Structure formats: structure tokens, C-alpha cells
Amino acid sequence: MIPSEELVELVYKEAMLLDEKRYDEWLELFTDDSFYWIPAWEDEENIVTDPDIDVSILYLSTKREMETYVKRITSGKAPAYNPHPRTVRMISNIIAEFNEMDNSWKVRYNWTLYIYRNLYKRLETYVGVTEMGIIKDENGKLKIKYKKVNLINDFIENGILLLI
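Residue numbers for the sequence shown follow numbering that gives the first Met the number 0, so the first one is 0 and each next one is one higher.
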């Protein structure tokens, strides 16, 4: 199904807010009961399926954990994020599917993330596929219920991982 302009705009806005490091506005895009998950690869063909029992690259199981993570990376006290790298996200192949059972959309898209770390004078590239669950809140505003990021090249340089 071709996604509505409203859904596409939310996907692009979420990426823009991350690139511009507008994390408080980014957090507002999520429902209060949201989660953010980057699963690990079980083997060359399969990713893990349960964030509660399997190893994950990153699992923030509540919005509160997402807020705490953002505070840590913006505090200036997390060496991996000081200085904070420059990023650009490129998004393509946005597909949306509506689920009538719970009035939600499953939105899937491909992405490329370019990260420039001035400290190392190096440009890194990551690619992946993201799935988001999106609902309309009581005010009719689109909100992200979950974000699951399948990171294709999952080797993380220097232990540094940005929100993807």
C-alpha cells in the first residue's frame, strides 16, 4: 500500500530531528508506552526475535529509557558522544500497511546513515531497514508506538552507536 503523505512526513521528520540533534522534539513523536529496538544478528540470515531474552545492539524498552539514553548522550559526559558527530540520514522505499484490528500502521523503509566524526576525521556509513508502528493519538496526531531497526552492517566502530 502506498503510504499517506502524513505517514511519509512523520518518517522524514523523525530522521530530520535526529540529524539536527533535536532530541526533545524527537521524543515527542513517540507514545508514552513506546519502545526502541535494534536487534542483533543471530547468524548471517536471521536477526533475534525477542528483545527480552535475546542479545540486542540496543533495546530501550520504555519511553523513560529512551529519555535517559538521550540525556546521557547529550550531557557532554559520554565520551563516545563528545564531540557529537554530524549525521545525515537518507530514506527510501517507504511502505505502509494498515492494521484494522488495532488501528495502526506498520511502516517499513530502507535507510542509509552517514556519520562524520570530526575527532577521527572519518566518515562512516551504516545501512538498514526500519519498521515503525504508528498510531493516531486521541487528538488525531500520528505517534510512533515502536521503532525496530535492522542494522545490516552491524559492526559498531569504537563502541559508538547513534540512534538510527
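Beta carbons: idealized from backbone N, C-alpha and C, even for Gly.
The structure displayed is predicted, hence computed values, not measured ones.
Run of the beta strand (DSSP E) containing residue i, from where it starts to where it stops
{"i": "M65", "result": "Taken as a continuous stretch (DSSP letters only), M65 belongs to no beta strand (DSSP E), being part of the alpha helix (DSSP H) at K62 to T73."}
{"i": "V87", "result": "R85 to N98"}
{"i": "Y80", "result": "Looking at the DSSP string, Y80 is not in any beta strand (DSSP E), and its letter there is neither H nor E."}
{"i": "N149", "result": "L141 to L150"}
Coarse secondary structure for residue i, derived from DSSP in three states
{"i": "V128", "result": "strand"}
{"i": "Y115", "result": "strand"}
{"i": "L26", "result": "helix"}
{"i": "R21", "result": "coil"}
{"i": "E123", "result": "strand"}
{"i": "N109", "result": "strand"}
{"i": "I134", "result": "strand"}
{"i": "I52", "result": "coil"}
Residue range of the unbroken alpha helix (DSSP H) whose run includes residue i
{"i": "V7", "result": "E4 to D18"}
Residue from the options whose Cα sits closest to the Cα of residue i
{"i": "I151", "options": "M100, I56, N98 and E4", "result": "I56"}
{"i": "P50", "options": "L59, E123 and E44", "result": "L59"}
{"i": "V109", "options": "L122, D18 and S91", "result": "The question names Val, but residue 109 is Asn in the sequence shown. The residue with the shortest Cα to Cα distance from N109 is S91."}
Expected contact under 8 angstroms - CB spacing of residue i and residue j to nearest Å
{"i": "W36", "j": "K147", "result": "5 angstroms"}
DSSP bridge partner residues for residue i (one or two, in chain order)
{"i": "S33", "result": "The partner list for S33 (beta bridge, DSSP) is empty, contrary to what the question assumes."}
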